[in-house]
Amino acid sequence: MLELLEPIAIFTHVARAGSFSSAARKLGISKSKVSTQVADLEHKLGVQLIQRTTRSLSLTEAGQLLYAQGEELLRDADQAVASVHNLNDATRGVLKVGISQSFGTMHIIPALPEFMAKHPELELQVSLLDHKVDVVSEGLDLLLTMSEQLPLGMVARPLMKCQFLLAASPSYVEQHGMPSRPEQLVDHNCLVYQGEWHEHSVWQFKQGDDYCEIGVSGNFRVDNAPALKSAAVSGLGVVYLASYLLEDEIAKGTLVPILDEWQLTHHLPLQAVYPRRKHLAPKVSAFIDFIKDHIGSPPYWDNPYKELYAKRK
0 MLELLEPIAI
10 FTHVARAGSF
20 SSAARKLGIS
30 KSKVSTQVAD
40 LEHKLGVQLI
50 QRTTRSLSLT
60 EAGQLLYAQG
70 EELLRDADQA
80 VASVHNLNDA
90 TRGVLKVGIS
100 QSFGTMHIIP
110 ALPEFMAKHP
120 ELELQVSLLD
130 HKVDVVSEGL
140 DLLLTMSEQL
150 PLGMVARPLM
160 KCQFLLAASP
170 SYVEQHGMPS
180 RPEQLVDHNC
190 LVYQGEWHEH
200 SVWQFKQGDD
210 YCEIGVSGNF
220 RVDNAPALKS
230 AAVSGLGVVY
240 LASYLLEDEI
250 AKGTLVPILD
260 EWQLTHHLPL
270 QAVYPRRKHL
280 APKVSAFIDF
290 IKDHIGSPPY
300 WDNPYKELYA
310 KRK
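Per numbering that gives the first Met the number 0, the very first residue in the sequence shown carries number 0; after that it's consecutive.
Structure, rendered in structure tokens:
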């Protein structure tokens, strides 16, 4: 059946144009190919479709029937192509988004009802991910990730750069003391993020021209950032946290900042990652723009720490 689609389409153009040469010009192929395709179609169907003379052609009864069906087939094909173009030109259809788990849970999922209200024709499918992601094999249109590594064939649009805070519970500080320089952290129980692909056990600090990297250790490692925060709140040790993970722990006093005059220079950007394409689908662009506006610049979760950041030299 599939092998008949092209010759039926060519025959329909011949019948529509009234000649082999006009159909060939319309299709951008040779007249001989048009003639051969129509002859092969007649042979496969076992009927004569066109009566040929030196000056004109006319359709047989079978040809008139096939021409009517061929026109309907071409209209359906045109409609299918138009539907795809319309889908690409509007924020409708299905948008599949992957988001880093802890960040997505805290800061993206609560904002999605507003996005959906703006785009009621869009169906949103969200995956909260805690593993290394292959955007294409997992069928994602877009990935919001904190990863610094850009997969091959992908485009990354930076959305913001994370600030970090060093913190511990008041009970931990009371028992173990408050370090005054990063080097003193080697004497503290430091809580370390250790995932399948990354271990954050070297902490970076900067103060003016003074830069140092401290290899830290402790008795607790975990592959989940919110779990690190919980452990620190419970008094287990010192934690080097992205500010987006904090809600009001410092405001409530369940965590206190440590080395607050030092910049924490670990690099962790939030990036929108999507396959490299000639044209970015409007639904993807709309989602990226919405998230960027929602986060703000600087991010809204950093507002409580403006005075703390101002101390950093």
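All C-beta atoms, glycine included, are put in the ideal place defined by N, C-alpha and C.
Backbone secondary structure at Q206 - three-state DSSP: What you label residue 206 is simply residue 207 of the sequence shown in a count that begins at 1. Residue state, collapsed to three classes: strand.
Whole-angstrom C-beta distance between S101 and P225, which should lie under 8 Å: The count along the sequence shown starts at 1 and reaches residue 225 at position 226. The count along the sequence shown starts at 1 and reaches residue 101 at position 102. Rounded, the Cβ-Cβ distance is 5 Å, consistent with contact.
Proximity of L263 and P178 at Cβ, strictly below 8 Å: In the sequence shown, residue 263 corresponds to position 264, counting from 1. In the sequence shown, residue 178 corresponds to position 179, counting from 1. No, the Cβ-Cβ distance between L263 and P178 is not below 8 Å.
Cα-Cα separation, G194 to L121: Your numbering for residue 194 matches position 195 in the sequence shown. Your numbering for residue 121 matches position 122 in the sequence shown. Using only the alpha carbons, I get a separation of about 34 Å.
Helix, strand or coil at S284 according to DSSP, with G and I counted as helix: Walking along the sequence shown from the start, residue 284 turns up at place 285. In the structure shown, S284 sits in a helix (DSSP, three-state: H, G or I).
Cβ pair L127, T144 closer than 8 Å: By 1-based counting over the sequence shown, the position of residue 127 is 128. By 1-based counting over the sequence shown, the position of residue 144 is 145. Taking 8 Å as the Cβ cut-off, L127 and T144 do not qualify as a contacting pair.
Inside the stretch 108–176 only - beta strand (DSSP E) runs reaching at least 3 residues: 121–128, 141–144, 153–160, 163–167
Cβ neighbours of A16 in the same chain (closer than 8 Å, five flanking residues each side left out): Translated into the one-based positions of the sequence shown, residue 16 becomes position 17. If we look at A16 and ignore the five residues flanking it on each side, its Cβ neighbours are A22, K25.
Length of the line joining the Cα atoms of Q183 and L279: On the sequence shown, residue 183 is found 184 positions in, with the first residue counted as 1. On the sequence shown, residue 279 is found 280 positions in, with the first residue counted as 1. Roughly 49 Å between the two C-alpha positions.
Local conformation of L58 per DSSP, three classes: Here the question's residue 58 lines up with position 59 in the sequence shown. Note: L58 maps to strand in three-state DSSP.
DSSP bridge partner residues for Q262 (one or two, in chain order): Walking along the sequence shown from the start, residue 262 turns up at place 263. Partner(s): K205.
Neighbourhood of Y171 by C-beta, 6 Å cutoff - its chain only, sequence neighbours within 5 removed: Translated into positions along the sequence shown, residue 171 becomes position 172. Same-chain partners within the cutoff: G234.
Cβ shell of Q162 (< 6 Å), same chain only, five flanking positions each side left out: Taking the sequence shown and counting its residues from 1, one reaches residue 162 at position 163. Same-chain partners within the cutoff: S242, D301.
Beta-carbon contacts of E314 that lie in its chain and below 7 Å, excluding the five residues immediately before and after: Outside the shown range of the chain, which is 0 to 312, sits residue 314, and nothing can be said about it.
Cross-strand partners of E212 (DSSP beta bridge): What you label residue 212 is simply residue 213 of the sequence shown in a count that begins at 1. Q203.
For Q68, three-class secondary structure by DSSP: Working through the sequence shown from its first residue, we reach residue 68 at position 69. Judged by DSSP in its simplified three-state form, Q68 adopts helix.
Spatially closest choice to S55 from G138, S20, R74, by CA coordinates: Here residue 55 corresponds to residue number 56 of the sequence shown, with the count starting at 1. That would be S20, whose Cα lies nearest to the Cα of S55.
Outcome for I98 when other beta-carbon atoms lying within 10 angstroms are tallied against a minimum of 16: The residue you call residue 98 lines up with position 99 of the sequence shown. It counts as buried.
Helix, strand or coil at I249 [DSSP, three-state]: Locating residue 249 in the sequence shown gives position 250, counting from the first residue. It is helical.
DSSP bridge partner residues for V93 (one or two, in chain order): If you number the sequence shown from 1, residue 93 lands on position 94. Answer by DSSP bridge pairing, in chain order: E122.
Q183 (DSSP reduced to helix, strand or coil): Taking the sequence shown and counting its residues from 1, one reaches residue 183 at position 184. Of the three classes helix, strand and coil, the one that applies to Q183 here is helix, per DSSP.
P98 - DSSP class collapsed to helix/strand/coil: Here residue 98 corresponds to residue number 99 of the sequence shown, with the count starting at 1. The amino acid occupying residue 98 in the given sequence is Ile; Pro does not appear at that position. In this structure, I98 counts as strand in the three-state DSSP scheme.
Residue closest to P119, alpha-carbon to alpha-carbon, out of S29, L164, D186, K282: Position 120 of the sequence shown, counted from the first residue, corresponds to residue 119. Nearest C-alpha to P119: K282.
Which residues DSSP lists as bridging V237, in chain order: For this step, residue 237 is matched to residue 238 along the sequence shown. In DSSP, V237 forms a bridge with C189.
Residue from F114, A76, V46, L72 with nearest C-alpha to G62: In the sequence shown, counting from the first residue as 1, residue 62 sits at position 63. Comparing Cα-Cα distances from G62 to each of F114, A76, V46, L72, the minimum goes to V46.
Bridge partner(s) assigned by DSSP for P268: Within the sequence shown, residue 268 is the residue found at index 269, counting from 1. Bridge partners of P268 according to DSSP: K160.
Pairwise C-alpha distance: K32 and G69: Here residue 69 refers to the residue found at position 70 when the sequence shown is read from its first residue. Here residue 32 refers to the residue found at position 33 when the sequence shown is read from its first residue. So the two alpha carbons sit approximately 18 Å from each other.
Backbone secondary structure at Q47 - three-state DSSP: Along the sequence shown, read from residue 1 onward, the residue named residue 47 stands at position 48. DSSP places Q47 in coil when its eight states are reduced to three.
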